[in-house]
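Engineer: When you line the sequence shown up against our numbering, it's residues 23 to 306, in that order.
Below is the structure I would like to discuss, written out as structure tokens.
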Amino acid sequence: MRYIVGYGPEHHGLDAINLAATLARTSGAKVDVVVVLPDDSPTFHMYSPDRAFNEELEAQAEEWLAEGQSHVPSDVSVTGRIQRAESIVEGLIAEAEDAERSSGDDLIVVGTSHRVRLGSIADALLHSSAVPVALAPIGFEPQREVTRITCATGVREGDEILLDYAIRTAAAWKVPLRLMSLIAVGEGGSEKRQQEWTKLAKLHLNHVAETAREKLPAECQVTTIVGHGTSMGDAVSRLEFAASEVAIVGSSRLAQPKRIFLGRTANKMMRVLAVPMIVVPRGY
23 MRYIVGYGPE HHGLDAINLA ATLARTSGAK VDVVVVLPDD SPTFHMYSPD RAFNEELEAQ
83 AEEWLAEGQS HVPSDVSVTG RIQRAESIVE GLIAEAEDAE RSSGDDLIVV GTSHRVRLGS
143 IADALLHSSA VPVALAPIGF EPQREVTRIT CATGVREGDE ILLDYAIRTA AAWKVPLRLM
203 SLIAVGEGGS EKRQQEWTKL AKLHLNHVAE TAREKLPAEC QVTTIVGHGT SMGDAVSRLE
263 FAASEVAIVG SSRLAQPKRI FLGRTANKMM RVLAVPMIVV PRGY
């Protein structure tokens, strides 16, 4: 298992490194720090400006790589690599999909540029990646380890596959799993409607929780929770999350098979959650 982090100048990627180190401590995986540079330009002479520029860029990249690796705690295994690609996003995806280095359970870890919006790199990954992407909240501080996973679950097509991913992750990390359902009745929604939806949500949660308990070791406690609000964002904001917790959400039904496409509900959750969130490709 690898946690792949892009790093660049002016500590760009530090939040992601802090999250990757936290996940690695929990799972025993390693952190791969990647610096992505533009593809080599054609150079026809050893003294050409292109060649000199590329050599200078390579030297700078080595410094960034060393700086990024230095932020990984000493108790976490870390490697570094300079990747050439047309864009940072393509470079990170290529690294994650490299057959020689991939473990099959890799994560790309990125930061967000703002509490209420994604940066261009995170946004592109969340509409194209074939491997799960973990989002580090802005200013994320490294934690000793992950203490719980909260998985958003429902009755949409593909939610059972997301549940299996959450179960596998909880088992690998040896942490409790909380299954979450959100109910948004809108402004002025009736109490009766909320009660009916809550009853259905609890029935579903009890069913999937039983499935999770059958597959998880006893040390991985399984709990359930229902969030209520006027919107999905409001509902999730009313729930308590520990700083050392990680949320797991699935992709939109609009996503291509085995690809990520951040859906409306997950987007609203991302805007209000102050904890890391892992977005899983459809059917992963």
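Glycine is no exception: its CB is placed at the ideal position from the N, C-alpha and C atoms.
Every value quoted in this text rests on a predicted model; they were computed, and no experiment measured them.
Does DSSP put HIS250 in a helix, in a strand, or in coil?
Structural biologist: One-based indexing of the sequence shown puts residue 250 at position 228. In the structure shown, HIS250 sits in a strand (DSSP, three-state: E or B).
Engineer: Looking at the structure shown, is ALA296 part of a helix, part of a strand, or coil, going by DSSP?
Structural biologist: The residue given as residue 296 occupies position 274 in the sequence shown. Here ALA296 sits in coil by DSSP.
Engineer: Can you check the segment 91-135 for any alpha helix (DSSP H) of at least 4 residues that lies completely inside it and give the ranges in chain order?
Structural biologist: 110-119
Engineer: Which two residues bound the contiguous alpha helix (DSSP H) that contains ARG235?
Structural biologist: Along the sequence shown, read from residue 1 onward, the residue named residue 235 stands at position 213. ARG235 -> alpha helix (DSSP H) spans 213-237.
Engineer: Just reading off the beta strand (DSSP E) that ARG24 is part of, what are its end residues?
Structural biologist: Residue numbering aside, residue 24 sits at position 2 when the sequence shown is read from its first letter. Unbroken beta strand (DSSP E) run through ARG24: 24-28.
Engineer: Does any heavy atom of the ligand FAD sit closer than 6 Å to the C-beta of MET254?
Structural biologist: Although the ligand FAD was asked about, the structure shown includes no ligands whatsoever.
Engineer: Helix, strand or coil for ASP256? Go by DSSP, reduced to three states.
Structural biologist: Reading the sequence shown from its first residue, position 234 is the one you call residue 256. Residue state, collapsed to three classes: helix.
Engineer: Between the Cα of VAL244 and the Cα atoms of GLY30, ARG170 and ALA88, which residue gives the shortest distance?
Structural biologist: In the sequence shown, the residue the question calls residue 244 occupies position 222. The option with the nearest alpha carbon to VAL244 is ARG170.
Engineer: Cutting at 7 Å between CB atoms, please list the residues of its own chain near LEU36, excluding the five before and the five after it.
Structural biologist: To locate residue 36, count along the sequence shown from 1; it is residue 14. Excluding positions up to five away in sequence, the list reads HIS93.
Engineer: For LEU238 and ALA83, what's the separation of their Cα atoms in angstroms?
Structural biologist: Here residue 238 refers to the residue found at position 216 when the sequence shown is read from its first residue. Here residue 83 refers to the residue found at position 61 when the sequence shown is read from its first residue. Computed Cα separation, rounded: 43 Å.
Engineer: Apply the 10 Å Cβ neighbour rule to VAL177 and answer buried if 16 or more other Cβ atoms are within range, or exposed otherwise.
Structural biologist: Indexing the sequence shown from 1 puts residue 177 at position 155. With fewer than 16 other Cβ atoms within 10 Å, it is exposed.
Engineer: With a threshold of 6 Å on Cβ separation, who are the neighbours of MET291 within its own chain once the five nearest residues in sequence on each side are excluded?
Structural biologist: Against the sequence shown, residue 291 aligns to sequence position 269. The answer, listed in chain order, is VAL258.
Engineer: Could you check what DSSP says for LEU284 in three-state terms: helix, strand or coil?
Structural biologist: The sequence position of residue 284 within the sequence shown is 262, counting from 1. Coil, per DSSP.
Engineer: Tell me where the alpha helix (DSSP H) around ARG47 begins and ends.
Structural biologist: Taking the sequence shown and counting its residues from 1, the one referred to as residue 47 is at position 25. Unbroken alpha helix (DSSP H) run through ARG47: 36-49.
Engineer: How far does the beta strand (DSSP E) with ASP54 in it extend, from its first residue to its last?
Structural biologist: Within the sequence shown, residue 54 is the residue found at index 32, counting from 1. Run containing ASP54: 52-60, per the beta strand (DSSP E) assignment.
Engineer: Identify which residue in THR172, LEU184, PRO279 and LYS214 has its Cα closest to the Cα of LEU199.
Structural biologist: Looking up residue 199 in the sequence shown gives position 177. Nearest option by C-alpha distance: THR172.
Engineer: Can the beta-carbon of ILE110 be found less than 7 Å from the beta-carbon of VAL58?
Structural biologist: What you label residue 110 is simply residue 88 of the sequence shown in a count that begins at 1. What you label residue 58 is simply residue 36 of the sequence shown in a count that begins at 1. Yes, they are a contact pair.
Engineer: Identify whether LEU148 lies in helix, strand or coil by the three-state DSSP scheme.
Structural biologist: Here residue 148 refers to the residue found at position 126 when the sequence shown is read from its first residue. Correct three-state label for LEU148: coil.
Engineer: I want to know whether the segment 206-225 touches the segment 248-256 - three or more CB-CB distances under 8 Å.
Structural biologist: Yes, the segment 206-225 touches the segment 248-256.
Engineer: Report the residue from ALA296, LYS214, GLU182 and ILE115 whose alpha carbon sits nearest the alpha carbon of GLU261.
Structural biologist: In the sequence shown, the residue the question calls residue 261 occupies position 239. The residue you asked about is not Glu; residue 261 is Leu in the sequence shown. Measuring from the Cα of LEU261, the nearest candidate turns out to be ALA296.
Engineer: Considering Cα atoms alone, identify which of ARG123, ALA240, ARG304 and GLY102 is closest to LEU185.
Structural biologist: As a first step, residue 185 must be located in the sequence shown, where it is residue number 163. When only C-alpha atoms are compared, the closest one is ARG304.
Engineer: Where does GLU267 fall in DSSP's three states?
Structural biologist: Translated into positions along the sequence shown, residue 267 becomes position 245. In the structure shown, GLU267 sits in a strand (DSSP, three-state: E or B).
Engineer: Closest to PRO31 by CA distance: which of ALA51, VAL56, LEU41 and ALA46 is it?
Structural biologist: The residue labelled residue 31 in the question sits at position 9 within the sequence shown. Ranking ALA51, VAL56, LEU41 and ALA46 by Cα distance to PRO31 puts VAL56 first.
Engineer: Does ARG304 come out as helix, strand or coil in the three-state DSSP assignment?
Structural biologist: Within the sequence shown, residue 304 is the residue found at index 282, counting from 1. The DSSP-derived three-state label of ARG304 is coil.
Engineer: So GLY255 and VAL302 are supposed to be a Cβ contact under 8 Å. How far apart are they, rounded?
Structural biologist: Translated into the one-based positions of the sequence shown, residue 255 becomes position 233. Translated into the one-based positions of the sequence shown, residue 302 becomes position 280. About 20 Å separates the beta carbon of GLY255 from that of VAL302, a gap too long to meet the 8 Å contact definition.
Engineer: On a Cα-Cα basis, can you pick out the residue from LEU147, ALA107, ALA206 and TRP195 that is closest to GLU267?
Structural biologist: Within the sequence shown, numbered from 1, the residue matching residue 267 stands at position 245. Comparing Cα positions, the closest option is TRP195.
Engineer: Residues in its own chain within less than 7 Å of ALA231 by CB, not counting five upstream and five downstream?
Structural biologist: Position 209 of the sequence shown, counted from the first residue, corresponds to residue 231. These residues qualify, in order along the chain: LEU201, VAL244 and THR246.
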